[in-house]
Amino acid sequence: MSRNYLASSPWAPHFWDRVGVVAGAQWGDEGKGKFVSDAAPYTDVFVRSQGGPNSGHTVMVNSRKYAFHQVPSGAAFGKPSIMTAGMVLNPILLYEEMQQVDDPSVIVIDPRAAVITRAHRALDGYGEANGTAIGTTRQGMGPAYESKANRRELIVISDLLNRRVLRDKIANYARTHAAELLEISEMEQRAILKGELDPNSALVPSGLNFEQYCELLAGELFEAGKKLAPHIANDTSTILQQAVNDGKRILVEGAQGILLDRDIGTVPYVTSSRTTAGATLADAGLSRYADPDNGFWGVIKAYTTRVGGGPFPTELKDDTGELLRQKGFEFGTTTGRARRTGWFDAVATAYAIRMGEIKKGYFTKMDVLSAVKEPMICVAYEIDGGRTTQFPSDAGTLARAIPVLQPVGRIERMNRHDIVMAGRKNGFDALPENAGFYVDRVETLLRDLSGVKDFEISAVSVGPWKGQTVLKQAFA
Ligand code: IMP
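Residues 79 to 554 in our numbering are what the sequence shown spells out, letter by letter.
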């Protein structure tokens, strides 16, 4: 049983009772998958409650690498993995993704999660080309969340099981967006003629009339629905409630990052769901059971990355930025796009800690930062001639922010095995001098700038594999 197992682990003083949540405390891609790998042995049930195929979580287990987008990472460990009603799902990709795991029967889907169709994906691309270029993942997230919010166009997972209902709902959506879909079809034709698009990848294939297009979408989704049917529960909230009552330990896995939150992120350069720890937990229906001391985790990268558009004050467009990109493999799990890279930004991250309801930090990629000769930390912004440590609430102001940078000592190269073993005896005192100083400096800045007095960095990840982590407290 995982509870006894935990008692003899260095994680014991840091782990949560009942329910914990993990969120990204920057602009996504902080290394949430690594956190989940460390937490997996002591976690009984995994939950995803927001986002969908836009997310990319890399999980490494026993020399196997899993790339998850929609499926909770716990599936790689054969643990119950629940997807709640808050998610928006691409059923075709979901089925493919599930094939990575040895025992897909652990995966359970809520019937009320929203469905992403080809038409939603087409509309996502249309919005990028004709509206504000957010730099979305083009997975159809925004249009599917729009359907959720407007309700009349919503297609849910249980609709996949009834071909007629599915066909009617698809026709309803396609009719409402007929003008845009027609324009997209023409755009795709031009791209095919220029050799820029593979005809098989067209989201609105030409030569199909309205009826045929709806039949195509209904057909492919109905087929996916048949395969997913054994995984569709009546109501995932009852499963989670039962798990709580049975004393299971649950992890709610956030996706993206708090600075990409739809409401409090760098709007409009954000994703279409809420991403804070609090909102992710609420969407899972588990807020009441979360452990207030050890349950609110934020994953924080030792430097900053961002994919897509939007302001990024500490961005490095030089050789150092490229070095971080190469050494840190900063390429998107979902799109393969090169991530923008920059210095650690204490102002932005402190805001994410406060607004995202984070209490414990899991600090990642210290080992990558050791490649940089003269690392810097951003401690404040200069905006319009004034200095501030407040994160601006509007993207236009943030775009004018000039980072106030402080040099820190070069992070020493670390022998992962030795440092992890030494960490068991000495906690963070096992970190080399400058690395320890860096963690300490970041923690103090985040505590002071956020005003979250009990925030602490509780773990430092020093490599991509499970267990390559030093915990704050010694565990002799
Ligand atoms: P969307 O979520 O596809 O609508 O994209 C909106 C913004 O969020 C874009 O800047 C994306 O690059 C970003 N984004 C979405 N999902 C992730 C993620 O998992 N990691 C990092 N950035 C993401």
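Virtual Cβ for every residue (Gly too), placed ideally from N, Cα, C.
| Check | Outcome |
| --- | --- |
| Rounded C-beta distance between G388 and T344? I'm assuming under 8 angstroms. | 5 angstroms |
| Roughly how many whole angstroms lie between the Cα atoms of A227 and S315? | 21 angstroms |
| What are the uninterrupted segments assigned as alpha helix (DSSP H) that are 4 or more residues long and contained completely in the segment 440-501, given in chain order? | 444-447, 473-477 |
| Please report the distance separating the alpha-carbon of S236 from that of R384. | 35 angstroms |
| With three or more beta-carbon pairs closer than 8 angstroms as the criterion, would you say the segment 218-233 touches the segment 179-193? | yes |
| Restricting to runs no shorter than 3 residues, where is the beta strand (DSSP E) found entirely within the segment 305-352? | 328-331 |
| Could you name the residues of the same chain whose beta carbon sits closer than 6 angstroms to that of T349, not counting the 5 residues immediately before and after it, in chain order? | Q334, L338 |
| Under 6 angstroms Cβ to Cβ from Y144, same chain only, skipping five residues before and after it: list those, please. | V137, A154, Q178 |
| By how many angstroms is the C-alpha of R418 removed from the C-alpha of A269? | 27 angstroms |
| Is it buried or exposed, G463, if we count other Cβ atoms within 10 angstroms and call 16 or more buried? | exposed |
| Since V184 contacts G164 with CB under 8 angstroms, what's their CB separation in whole angstroms? | Actually they do not touch by this definition, with Cβ atoms about 20 angstroms apart. |
| Which same chain residues, not among the five before or five after E231, have their C-beta less than 7 angstroms away from its C-beta? | S225, N250, Y251, T254 |
| Run the proximity test for A333: is its beta-carbon closer than 7 angstroms to any non-hydrogen atom belonging to the ligand IMP? | yes |
| Does at least one heavy atom of the ligand IMP sit under 7 angstroms from the Cβ of G387? | yes |
| Can you tell me the Cβ-Cβ gap for Y120 and F146, rounded? I've got them flagged as a contact below 8 angstroms. | Rounded, the Cβ-Cβ distance is 19 angstroms, inconsistent with contact. |
| Kindly identify the DSSP beta-bridge partner or partners of A416. | F409 |
| At a cut of 8 angstroms, does the segment 120-133 reach the segment 277-289 through at least three beta carbon pairs? | no |
| Considering only DSSP beta bridges, list what W375 is partnered with. | V100, K438 |
| Smallest Cα separation from E331: which of S115, L299, L84, V322? | S115 |
| With DSSP run on the structure shown, which of helix, strand or coil describes T382? | strand |
| On a CA-only basis, which of A430, V425, I436 is nearest R465? Give me that one, please. | V425 |
| Closest by CA to E435, which one among M499, L295, G529? | G529 |
| If contacts are defined as beta-carbon pairs under 8 angstroms, then G439 and E534 qualify, I think. What distance do you get, rounded to the angstrom? | 7 angstroms |
| Leaving out five residues on either side along the sequence, give the residues of the same chain with a beta carbon under 6 angstroms from the beta carbon of A368. | V97, L359 |
| Going by the C-beta, is V100 closer than 7 angstroms to any heavy atom of the ligand IMP? | no |
| May I ask you to report which of helix, strand or coil DSSP gives F146? | strand |
| By alpha-carbon positions, which one of T413, T475, R366, D396 ends up nearest to D95? | R366 |
| Flag this pair as touching only if the segment 498-517 and the segment 402-409 have three or more C-beta atom pairs under 8 angstroms; answer yes or no. | no |
| In terms of residues, what are the limits of the beta strand (DSSP E) holding E534? | 534-539 |
| Taking 8 angstroms as the threshold (C-beta atoms), are G152 and A118 in contact? | yes |
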